[in-house]
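Protein chains in written order, with our numbering: chain A, 31 to 750; chain B, 728 to 957.
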């Protein structure tokens, strides 16, 4: 029986739930993970990733020495190097001097627009704050973004427009206080497992009614009062039809609409045409289900809405999210416990990375970059000369890559992200990345994107550094160093400070933006001085327990739920909506709709989970196909199939299942060898710039088993 | 609501109606030993270690589920209670491998339990089950506390992958039709491992480490070594 050398309390690095963990270590090896039963976030519960998914830290493929490419890479001829043979092991000095030299060279030659950076929703607040500070204060560019663009950008823009704040309005655990809640575009069971447990408990133990609105027959449907099987990309029609019913049947909360909203009349006129019959024609959902769902939500005492990427990852992502938000504004189901508008954030720290200014339009604290007062504020904080900071909005994640060309973006610094797995239309992404003049990857493994880099900077894992994550319900929690960084790897914040000092020296600026932090707590102290929402966030307080932002001062207790008296923009704003179909509709040649997503056992681009035993549990991609479609195409369960879109094709195994709807194919995007994003479409939402991952047209053909990238015997699994 | 007044080991206690004797004793500063009871699980009064003597009751009361009522006089360390607990512990140790249950081993000492009281007892020694990448199941160490079944069911996970199988001495925690874990509804959340008090459920990597296998070897032993197509 092992005795732990130490047990370290920390926070899970996977999804946005932010489960509290206790790591049991023996000789720097995490051999067991438990969760405190008293934690308000997860009450002792964990999912498979949180309980068992940390062995990647010890994987022999992990890079723990700085690397330089042996063959110099040139724009247009950039290649991928997965094999360590193609890299030279170098010292930190050589690696960081190379990065500083090349970035400064490009900056001097082409100016600030030539540089761009991807922050990282998996890294800590402190890491991200410093990375955007480095690019903004030193290189004077706002080409700063991260994967929030690819997940909830549509929700963020819509929420900002409608109420002026883009985070979850309530605490996840409040779901047990709702008597009716809608889950839409979210496979919560697999993607926010611990919140799903709370949802199931709300139904089973607290008598709440759950309405699932999703193209797939999710596991949550087992617990739902209603399931509306919607065609991908028809959210606006269904939610607007619900608004239509609520208005027509007089179920609106008139007092709320009068006192706390604006634009109702014009909005109500735009809802006239969204009859349930019209919505049924567009979405395929029985009109009676739409009417029943509208009544159930509107007549609830405490109604809440939880949504995921199925709302935002569309070319109509912003409109879809607005259609959802309107329901809360009509019924007043917001601003009280157990109500609210709750976009479930994907990554452990996507909320925090956004809070820390990892976005092209905002400084930390969502201060727009194009407001001179904000620029002046940050010039003071960062010792930048007056007028020094760039006042123009930068490029978004997808725009950064689309603008890689002479005269455009020349260099990209990637901290922890993997665009070669996560961007839509990967063949095009590959061409863009190949055109870069200089690419830096700061990561743990040489993933599909890092393989293109000139310089690889080995970063410490989350268990090897101190910091904070901000979870989906705005809870800032302490991440604690449990073991020493492996090999020569260093925490991200240390790498950035070291590099920034070298860059600053080369630029010869008279003032230093300040990089002499001895500990991440000093970085957070700088954040709390400059960002009002984080003013009361200190490590001393966080050591006791997490704090939900906004925390206005050192004695403020934090904010479990938002908008009790007003919205940040004053009144909630209704926006008239039109239904616009997805960009690529199925046709004779590509008759099925592909929708992408995730599975319980894996995480996004797979950098972590595919270097873990989790991969043994779920080793290969499956294309879920409805039995009706499978019969027509002559495809059997487990058979090899080729899935083709206008942009690419992949071969993988078919899973014939009623978990998807007729006409809809589902493929998870974790698997490099059958990358779903080779198929997806790079159409963007006009406002939010989020790609349309959730709907593109594909065709499916039987393939030969020899073509399967994964030849081992199929692992039988009995889970839903 | 009016409080309920009772006397536990001579100490007068007032508690909310519905409070269990276990909690009422806790309020009086009296610790009652438990095995199957867990704060986060539904109490089922299975192990019976928490029994107490209530005056005028015919049988001993399991404190984890028996509720306090007005005027109760409770003895948590009476001779009858002690004898009952000792017998339970002696039966457990005669049949189950308690080597990784430090709490129960402590109780054995506290109650001066004789591990040789039932020398001819049949031991429960089913083979260790290593059928998935995440955790192993060594039911020779299982005391049938039911916590794992509870958290797999509606105490936490709503997965219902495991339950009791068999009857009497042959009772064991198992999957339906004894299927390997991956083929059941199991989602490998490991909640069962988190509440297991005896080391019967254990992360596979912890089990491998105990056998002297190095961390590097543990992670490499997965199928990750396979050729990855790019």
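Note that the Cβ used here is the ideal one computed from N, Cα and C, for glycine as well.
Residue nearest to residue i in terms of C-alpha spacing, selected from the options
i, options, result
"residue 112 of chain A", "A:105, A:121, A:92 and A:445", "A:92"
"residue 176 of chain A", "A:38, A:158 and A:723", "A:158"
"residue 897 of chain B", "B:791, B:852 and B:824", "B:852"
"residue 658 of chain A", "A:724, A:687, A:343 and A:383", "A:687"
"residue 598 of chain A", "A:586, A:584, A:606 and A:580", "A:580"
"residue 935 of chain B", "A:372, A:356, A:338 and A:60", "A:60"
"residue 457 of chain A", "A:677, A:150 and A:102", "A:677"
"residue 857 of chain B", "B:895, B:887, B:907 and B:741", "B:907"
"residue 424 of chain A", "A:146, A:58 and A:328", "A:146"
"residue 65 of chain A", "B:916, B:942, B:940 and B:931", "B:916"
"residue 720 of chain A", "A:126, A:341, A:299 and A:354", "A:341"
"residue 450 of chain A", "A:118, A:438, A:481 and A:439", "A:481"
"residue 733 of chain A", "A:272, A:664, A:697 and A:696", "A:664"
Proximal residues of chain B, C-beta to C-beta of residue i below 7 Å
i, result
"residue 230 of chain A", "885"
"residue 746 of chain A", "909 and 910"
"residue 74 of chain A", "767 and 921"
"residue 749 of chain A", "912, 913 and 914"
For residue i, the three-state DSSP class (helix, strand or coil)
i, result
"residue 274 of chain A", "helix"
"residue 656 of chain A", "coil"
"residue 239 of chain A", "strand"
"residue 84 of chain A", "coil"
"residue 347 of chain A", "helix"
"residue 885 of chain B", "coil"
"residue 807 of chain B", "helix"
"residue 497 of chain A", "strand"
"residue 679 of chain A", "strand"
"residue 750 of chain B", "helix"
"residue 550 of chain A", "helix"
"residue 453 of chain A", "coil"
"residue 952 of chain B", "Here the model assigns residue 952 of chain B a pLDDT of 41, short of 50, so the residue's position is not dependable, and the following value carries that caveat. Reduced to three states, the DSSP call for residue 952 of chain B is helix."
"residue 356 of chain A", "helix"
"residue 505 of chain A", "strand"
"residue 858 of chain B", "coil"
"residue 921 of chain B", "helix"
"residue 726 of chain A", "strand"
"residue 696 of chain A", "strand"
Neighbour list for residue i in chain B, Cβ cutoff strictly below 9 Å
i, result
"residue 77 of chain A", "914, 915, 916 and 917"
Residue-chain proximity (residue i, chain A), Cβ-Cβ < 8 Å
i, result
"residue 964 of chain B", "Lying outside 728 to 957, the shown extent of chain B, residue 964 of chain B is not represented and no answer is given."
"residue 820 of chain B", "no"
"residue 867 of chain B", "no"
"residue 874 of chain B", "no"
"residue 798 of chain B", "no"
"residue 871 of chain B", "no"
"residue 825 of chain B", "no"
"residue 951 of chain B", "In this predicted model, residue 951 of chain B has a pLDDT of only 40, less than 50, meaning its place in the structure is not dependable; the value taken from the coordinates is given anyway. True, the Cβ-Cβ gap to chain A drops below 8 Å."
"residue 849 of chain B", "no"
Proximity test, Cβ basis, 8 Å: residue i and chain B
i, result
"residue 483 of chain A", "no"
"residue 636 of chain A", "no"
"residue 85 of chain A", "yes"
"residue 646 of chain A", "yes"
"residue 240 of chain A", "no"
"residue 393 of chain A", "no"
"residue 159 of chain A", "no"
"residue 94 of chain A", "no"
Cβ-Cβ separation, residue j to residue i (assumed contact under 8 Å), whole Å
i, j, result
"residue 749 of chain A", "residue 700 of chain A", "Not really, about 16 Å apart at Cβ, beyond 8 Å."
"residue 748 of chain B", "residue 779 of chain B", "6 Å"
"residue 715 of chain A", "residue 338 of chain A", "Contact flag wrong, Cβ pair sits at about 16 Å."
"residue 330 of chain A", "residue 209 of chain A", "5 Å"
Interface partners of residue i on chain B, CB under 8 Å
i, result
"residue 223 of chain A", "914 and 916"
"residue 234 of chain A", "881 and 885"
"residue 458 of chain A", "None at all; the shortest Cβ gap to chain B is about 18 Å."
"residue 325 of chain A", "Result: empty, since nearest Cβ-Cβ is about 27 Å, beyond 8 Å."
Chain A residues whose Cβ lies nearer than 7 Å to that of residue i
i, result
"residue 932 of chain B", "61 and 85"
"residue 683 of chain B", "With chain B covering 728 to 957 only, the question about residue 683 of chain B has no answer from this structure."
Selection of the region 758–772 of chain B by Cβ proximity to chain D, strictly under 9 Å: Considering every chain present, this structure includes no chain D. Its protein chains are A and B.
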